[in-house]
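In my numbering, the protein residues as written are 1183 to 1560.
Structure first, commentary second.
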Amino acid sequence: MLGGETAQRRFSFGLWTVMNRGADPFGAPTRSPLDPLQAISGLAAHGAHAFELHAEDLIPPGSSLPERDRLLRAARQRMEDTGIVCVACGSDVFSDPIFKDGGLVSNEARVRRQAMARYMAAIEVGHLLGAPLFNIWGGRDGAEVDASRSPIDALKRLRDGFNELAEYIARQSDGMRLSIEPKPNEPRGDLYLATVGHVLAFIATLDRPEHVGVVPELAHAAMAGLHPAYEVAHALYAGKLFGVHLNAQRPLRFDQDLRFGGANLKDSFFVVQLLEEENWPGPRSFDAHPYRTTDEQGVWEFVKGCIRAYQILAEKVRQFREDPEVQELLHQIRQWDEMADPHEAAAPEGSVRRVFLYERLDHLVFEILMGTRSSGRG
Ligand code: GLO
Ligand code: MG
C-alpha cells in the first residue's frame, strides 16, 4: 500500500511542464496549447496538490492591469475549487529576445532594469497567489561569447540584482523566501550560477543571505556530471534546501527534462531516500517535459507517472530501511568505527573483523529496485 504513507507528501508541478508543447531546438511543437487554468484543474484531477509557475505562464507579458487581475481572480477561483495551492512563483526572464544577452547580467543597464521589473511584477503575482517562495532560474544569465564580459562583473550584477530583490521581498513582509536554481549551461551559453556549490558560495556574498536558498534540479546536476543526491545533500546540509525540481536526465547531455523515473533510477532512489530519511518538509516538485510524441491526453499520464515513480521509490526506501539483511550489513559497517587500528599488533578482544560488505549492500539496492526481494511489506 503506497497511499497512507505518502498522504502527507505534497506533489507539485510547474504549470510550464504540462503546458510544454513538445518543441525542442530541432523540432516545432507537437501539442496544442494548454490554457493555464486547465493546467491547474488537470493537475489537481491527476493527483497533484500544488503547482509552481512563471507569472508569464498565467499572465501574458504586456497584459493590462485589469487583465492581470482578471486572470489572477480566475486562477484563485480555480485553486479554491480544486484545493490546489501555489508553492512557488518565478518569472520567464529568458524567452523574450530582449534577454538574449542576459537578464540580470545583460551588458545593457536598460535590459537589467527590465529584468528587475519583470521579477518584481512576478513577485507581486506570487504574493497574490499565496506563493511562499520566489524561485529564480536565470536562463540567460550566462554568456555565449566569453569575451563579452568579465565573469566577475556578471557576478557583481547578479549580486546587486539579488540584493535588491531580497530587499523588495522583505519589505512586503509576508514570509516569502527567495531561491536560486542553478544550471550549468544552456545549449550554447554557460551560466554563471552553475551548481548548488556555486549558488551556496554566491549566497554568502549577499546582504541578506539568511533569506536566500537554493532549488536543485536533478537534470541540472546530471548535466554537470554531478550526483543529484549530493547536490541535494549540500543544500540540505547548509539549511538552504528551499525547493527541489525532480525529473530525470542522462549525464553530460543538454537538458532532457525526462519524466521522473524516466532514467537513472538508482540516482533517483538516493535522492528520494535523502528527502524521506531527512524528513524534508517541502513539496516534491516535478519539473520535466512530456515526450514530444506524447499527445494532449498523454500529458496526464506523464503527471501520474511522475507522482507514481516518487511513491514507488519512497516505498523502496522503506523496504531498504526495513530489510533485515540490509540492517545487519549496516550494523556491521557501523561497528567498524570502533575497530582497533589495523597497525596495532594485537587487536583487543572482541573487536570485529573487517570484511568489505559493500558489494552485497549495493547489490541489495539493485534487488530492491528490481522488486526481486521479498522482504518487508512489498
Ligand atoms: C529550466 C529550469 C526552469 C525553472 C523555472 C523556475 O531548465 O528548470 O524550468 O525551473 O524557470 O521558475
Ligand atoms: Mg527547474
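Where a beta carbon is used, it is the ideal one built from N, C-alpha and C, also for glycine.
Treat the numbers as computed from the prediction; the structure is a model and nothing was measured.
A residue is called buried once 16 or more other Cβ atoms fall within 10 Å of its Cβ, and residue 1377 is buried on that count.
In this structure, the beta-carbon distance from residue 1193 to residue 1231 falls below 7 Å. The C-beta distance from residue 1286 to residue 1294 rounds to 6 Å, short enough to fall under 8 Å. Per DSSP, residue 1223 is one residue of the alpha helix (DSSP H) stretching across 1218–1227. Using a Cβ distance threshold of 7 Å, residue 1411 and residue 1442 do not count as a contacting pair.
A residue is called buried once 16 or more other Cβ atoms fall within 10 Å of its Cβ, and residue 1247, having fewer, is exposed.
Between the alpha carbons of residue 1369 and residue 1399 lies a distance of about 17 Å. Looking at 1201, 1213 and 1191, the one whose alpha-carbon comes closest to that of residue 1477 is 1213. Counting along the chain, the unbroken alpha helix (DSSP H) around residue 1550 starts and ends at 1540–1552. By DSSP's assignment, residue 1362 forms a beta bridge with 1318 and 1396. Looking from the CA of residue 1360, the closest CA among 1337, 1319 and 1419 belongs to 1319. Around the beta carbon of residue 1437, 16 or more other beta carbons lie within 10 angstroms, which makes this residue buried. The beta carbon of residue 1460 sits closer than 7 Å to those of 1418, all from its chain and outside the five residues before and after it, given in chain order.
In this chain, the alpha helix (DSSP H) harbouring residue 1480 covers 1480–1504. Counting every other CB atom within 10 Å of its CB across the protein chains shown gives residue 1518 a total below 16, marking it as exposed.
Note: residue 1373 is bridge-paired with 1324 in the DSSP secondary-structure output. In the DSSP annotation of this structure, residue 1235 is not part of any alpha helix (DSSP H); the continuous beta strand (DSSP E) holding it starts and ends at 1232–1236. Pairing residue 1250 with residue 1556, the inter-Cα distance amounts to about 55 Å.
Collapsing the DSSP output to three states places residue 1450 in a helix. The stretch 1270–1282 makes contact with the stretch 1320–1328; the number of CB pairs closer than 8 Å reaches 3 or more.
The continuous beta strand (DSSP E) containing residue 1267 extends over residues 1267–1272. Chain-ordered, the residues whose CB falls short of 5 Å from any heavy atom of the ligand MG come out as 1399, 1427 and 1469. The residues 1234, 1235, 1236, 1237, 1304, 1305, 1307, 1308, 1311, 1313, 1315, 1316 and 1317, in chain order, have a CB closer than 8 Å to that of residue 1271 in the same chain once the five nearest residues on each side in sequence are set aside. Note on geometry: alpha-carbon atoms of residue 1339 and residue 1283 lie some 13 Å from one another.
Looking at 1498, 1488, 1544 and 1523, the one whose alpha-carbon comes closest to that of residue 1512 is 1544.
Between residue 1396 and residue 1362 a beta carbon distance of about 6 Å is seen, short of the 8 Å cut, so the two are scored as contacting. Here residue 1367 carries a strand assignment [DSSP, helix/strand/coil]. With fewer than 16 other beta carbons inside 10 angstroms of its own, residue 1486 counts as exposed. Taking C-beta atoms under 8 Å as the contact rule, residue 1467 and residue 1427 qualify, at a distance of about 6 Å. Nearest neighbour of residue 1491 by Cα position, chosen from 1463, 1444 and 1201, turns out to be 1444. Separation of the CB atoms of residue 1298 and residue 1262 is rounded to 32 Å, and the pair is thereby denied contact status at 8 Å. By DSSP's assignment, residue 1206 forms a beta bridge with 1209. For residue 1440, the secondary structure class from DSSP, reduced to helix, strand or coil, is strand. Rounded to the nearest angstrom, the Cβ distance from residue 1240 to residue 1226 is 15 Å, too far for a contact under 8 Å. C-alpha of residue 1405 to C-alpha of residue 1374: approximately 15 Å in a straight line.
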